[in-house]
Amino acid sequence: MDYIRVWTEMDVREVQDHIIMVEDKFGHCPGCRQIGIKLTELDKCPGCGREFRYVTSKDASGGKSDVVMRTRKKLPDLVFVDYDDYIRITGKKKAENLFNV
Ligand SMILES: [Zn+2]
């Protein structure tokens, strides 16, 4: 199988509420800020119990496909969200909330 980036309409809140950020071997839950989460058989945060459906990684910033592929192999049940998109959209939302747009 090959990887191809697909744009789709997403509810950003839904993504934010079910995402895990990963680095090489461990994950970080943005919900409860737990770090060092093991990536094996991962479906829930051991800290706050959030269900993980999406994953992203700072290391994949700029579209580094090898990082995406490695992460997908470790967490095949999660949807890989483009890191730059995620940061751009969540940053935009933050600004909107700040200014009450
Ligand atoms: Zn958590």
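Start counting the sequence shown at 115; every next residue gets the next number (our numbering). In this text, a Cβ means the ideal position worked out from N, Cα and C, and glycines have one as well. As the structure is a computational prediction, the values presented were derived from the model and not from experiment.
Local Cβ density within 10 Å of residue i, reported as buried at 16 or more and exposed below that
i	result
Met-183	exposed
Ile-201	exposed
Cys-146	exposed
Ile-118	exposed
Phe-140	exposed
Ser-179	exposed
Met-115	exposed
Val-169	buried
Ala-209	exposed
Phe-166	buried
Residue range of the unbroken alpha helix (DSSP H) whose run includes residue i
i	result
Phe-213	197 to 213
Ser-179	179 to 188
DSSP beta-bridge partners of residue i
i	result
Tyr-168	Ile-133 and Val-193
Ile-151	Gly-141
Limits of the unbroken beta strand (DSSP E) element including residue i
i	result
Gly-176	That residue, Gly-176, is in no beta strand (DSSP E); it is neither H nor E in DSSP.
Integer Cβ distance of residue i from residue j, believed to fall under 8 Å
i	j	result
Val-195	Ile-133	7 Å
Ile-151	Cys-162	So it is not a contact: roughly 11 Å between Cβ atoms.
Inset, instruction - Kindly provide the chain-ordered list of residues whose Cβ lies closer than 6 Å to any non-hydrogen atom of ligand 1. - result: Here the list is Cys-143, Gly-145, Cys-146, Gln-148, Cys-159, Gly-161, Cys-162 and Arg-164.
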